[in-house]
Amino acid sequence: MVPISLAKIFEQYPDRHYIMFGGKGGLGKTTFSAAAAYYLAKQGKKVLVFSVDPQASLSDIFKKDIFGKGPTEIMPNLYAQEIDADHRVREYQQEIRQKILDMYGMDKIPEEIESYIQAAAAEPAMEESAIFDEVVDIVVKGGYDYYIYDLVPLGHALYYLSMASVYDAWIGKITGLRQQMREYDQVAATIRRDKDLDEDAILNELLYIKDRINKSSSILTDKQKTAFFFVLTPEEMIINDTLKAAELFAKFDVPLSGYIVNRVLPSELKGQNIPEYLKHRLDMQDHYLKVIDEVFKDQIHAWVPEMERDVTGLEMIEKLSNTMFG
Amino acid sequence: MGEKEGKEKKKGGFFGAVKEFVYGVAAHDSARFALKSRASMEHLFILITMGDMLGVPILPPYYSLRLLPYVVPQISTWKRRMLREKDLTDALA
Chain A
1 MVPISLAKIF EQYPDRHYIM FGGKGGLGKT TFSAAAAYYL AKQGKKVLVF SVDPQASLSD
61 IFKKDIFGKG PTEIMPNLYA QEIDADHRVR EYQQEIRQKI LDMYGMDKIP EEIESYIQAA
121 AAEPAMEESA IFDEVVDIVV KGGYDYYIYD LVPLGHALYY LSMASVYDAW IGKITGLRQQ
181 MREYDQVAAT IRRDKDLDED AILNELLYIK DRINKSSSIL TDKQKTAFFF VLTPEEMIIN
241 DTLKAAELFA KFDVPLSGYI VNRVLPSELK GQNIPEYLKH RLDMQDHYLK VIDEVFKDQI
301 HAWVPEMERD VTGLEMIEKL SNTMFG
Chain B
1 MGEKEGKEKK KGGFFGAVKE FVYGVAAHDS ARFALKSRAS MEHLFILITM GDMLGVPILP
61 PYYSLRLLPY VVPQISTWKR RMLREKDLTD ALA
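If you read the sequences in order, they're chains A and B.
Following the numbering used here, the numbering of the first sequence begins with 1 at its first residue and continues without gaps.
Following the numbering used here, the numbering of the second sequence begins with 1 at its first residue and continues without gaps.
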């Protein structure tokens, strides 16, 4: 039923170090992230699974409070991290304040500037940007064989992905303007025969920001190094939404590597004495499994059954990872 | 304005004065123009990076904060300039 298993995919493409699971909310992205991390760690790879979701649930699935604690060892080779965006924003604000105080020898931030710093932190995009920036830190720092992104639900993930390309274009424009300003400075300096021109600190900052954003967006769209898997379940709405999302993601050049079907009710149930209600569910599921098979064909890499209980704790993660990669 | 003194004092002073005279006649205006363009661009630049101070959100706030320290001194003149309406008296000023 599965043309190429997940285990084979990982074997075939050993250079894909950045693994992402995307899909609607509640379909099992975090679960699969954890299970994939478990599988790879058992194979002897050093793995970091981290969440870019402000409402992360890695702590729940590993039954360990890792929020804001940096990369935390869950078992040998397996590390997990949940980014505390608020904390990062607060630290960052403080950094900016200190920089202003140092640059101008002030002992207090002017009121106007202070209120701007506070207002900027309250912007809805601030949290996402902060996480985005920390992910760049994580990836640039290196030290792991695999990085598994536990992504946010689809709409947000799209926002996250588009942020990279929008930021990139925008920063490119203002860097251009800044460079033009620099040319005027040079003209004036040459005419007045000033020898030295101070370095443009703002231009340097802009180039730094551009570099950060480029790093992040280049990973998200690197077909050699990145694998993006969609998670779906055998239900009509989910199938439709996944198709739509896949189209959008392809527009952002996200390298789609395949689909994983989750929450498949075991078909053995049908032979047993089960209530009408469950029979209906099973018939409906059969129908949508066929649809999925026709629509996605050989791009399905695993059919994962509905578990008898919540997937939390290493024991259940192991069990799930066995069915996923088995 | 006061650099149009081509009077003979000493030899070195003479050449220095000529140099300043030539600069004043030929180049001073271009330099001033370059600096003036530069200043307008500076204001434009702050507008597109710090626009949210005037209620025009443009740059992602996380990164505009990074630039804030460099533009602190210009903020108040910039705000005044942006909020002021252009009129004829500007040309006279």
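Here a beta-carbon is modelled for each residue, glycine too, at the ideal position from N, C-alpha and C.
- Between the alpha carbons of residue 21 (chain B) and residue 186 (chain A) lies a gap of roughly 22 Å.
- Look at residue 31 (chain B): its C-beta is under 8 Å from a C-beta on chain A.
- For chain B, none of the residues of the stretch 287-320 of chain A brings a beta carbon within less than 8 Å of one of its beta carbons.
- Here residue 78 (chain B) has 43, 46 as same chain residues with Cβ atoms under 6 Å from its own Cβ, once five neighbours each way along the sequence are excluded.
- For residue 82 (chain A), the enclosing beta strand (DSSP E) starts and ends at 78-82.
- Using a Cβ distance threshold of 8 Å, residue 147 (chain A) and residue 139 (chain A) count as a contacting pair.
- Scanning its chain for C-beta atoms nearer than 7 Å, with the 5 sequence neighbours on each side dropped, one finds around residue 164 (chain A) the residues 213, 216, 217, 220, in chain order.
- Inclusion of residue 130 (chain A) and residue 78 (chain A) in the CB contact set at 8 Å is not warranted, their separation being larger than that value.
- Not a single C-beta of chain A is nearer than 8 Å to the C-beta of residue 80 (chain B).
- Counting C-beta atoms within 10 angstroms of its own C-beta, residue 266 (chain A) has fewer than 16 neighbours from the protein chains shown and is therefore classed as exposed.
- The residue among A:257, A:200, A:34, A:288 with its C-alpha nearest the C-alpha of residue 316 (chain A) is A:34.
- Residue ranges of uninterrupted alpha helix (DSSP H) with 4 or more members, entirely inside the stretch 214-300 of chain A and ordered along the chain, are 236-251, 276-296.
- Per DSSP, reduced to three states, the secondary structure at residue 5 (chain A) is coil, with no helix or strand assignment.
- Assignment of beta strand (DSSP E) within the stretch 25-63 of chain A, counting only whole runs of 3 or more residues, yields 47-51 in chain order.
- Taking C-beta atoms under 8 Å as the contact rule, residue 48 (chain B) and residue 174 (chain A) qualify, at a distance of about 6 Å.
- An exposed status is given to residue 80 (chain B), since fewer than 16 other beta-carbon atoms sit within 10 Å of its beta-carbon.
- By the Cβ-count criterion, residue 24 (chain A) is buried, with 16 or more other Cβ atoms from all chains shown falling within 10 Å of its own Cβ.
- Counted as a single uninterrupted DSSP element, the stretch harbouring residue 307 (chain A) is not any beta strand (DSSP E), since DSSP gives it neither H nor E.
- Judged by DSSP secondary structure, residue 22 (chain A) falls outside any alpha helix (DSSP H) and instead within the beta strand (DSSP E) spanning 18-22.
- With respect to chain B, the C-beta atom of residue 112 (chain A) has a partner C-beta closer than 8 Å.
- Using beta-carbon distances, residue 15 (chain B) does not count as an interface residue toward chain A, since no partner is under 8 Å.
- The C-beta of residue 13 (chain A) comes no closer than 8 Å to any C-beta of chain B.
- Taking C-beta separations shorter than 8 Å and ignoring five residues to either side along the sequence, the partners of residue 22 (chain A) in its chain run 29, 151, 154, 157, 228, 229, 230, 231, 245, 249, following chain order.
- DSSP, reduced to helix, strand and coil, places residue 106 (chain A) outside both helices and strands of the structure shown, so it counts as coil.
- The beta carbon of residue 27 (chain A) sits closer than 8 Å to the beta carbons of 231, 232, 233, 238, 262, 263 from its chain, once the five residues preceding and following it are set aside; these are given in chain order.
- With contacts defined by Cβ atoms closer than 8 Å, residue 85 (chain A) and residue 123 (chain A) do not form a contacting pair.
- Where residue 75 (chain A) is concerned, the enclosing beta strand (DSSP E) starts and stops at 72-75.
- Inter-residue distance for residue 100 (chain A) and residue 93 (chain A) is about 11 Å (C-alpha atoms, whole angstroms).
- A buried status is given to residue 133 (chain A), since no fewer than 16 other beta-carbon atoms sit within 10 Å of its beta-carbon.
- Under the 8 Å Cβ criterion, the stretch 46-59 of chain A does not count as touching the stretch 293-303 of chain A, having fewer than three qualifying pairs.
- Think of a sphere of 8 Å around the beta carbon of residue 72 (chain B): the chain A residues whose beta carbon falls inside it are 100, 103, 104, 110, 113, in chain order.
- Ranked by Cα distance from residue 97 (chain A), the options B:75, B:76, B:66, B:23 are led by B:66.
- For the C-beta of residue 45 (chain B), the chain A residues within less than 9 Å are, from N- to C-terminus, 174, 177, 178, 181, 202.
- For residue 66 (chain A) against residue 81 (chain A), the beta-carbon gap comes to about 7 Å, under 8 Å, which counts as contact.
- Close partners of residue 209 (chain A) in chain B (Cβ separation under 7 Å): 63, 66.
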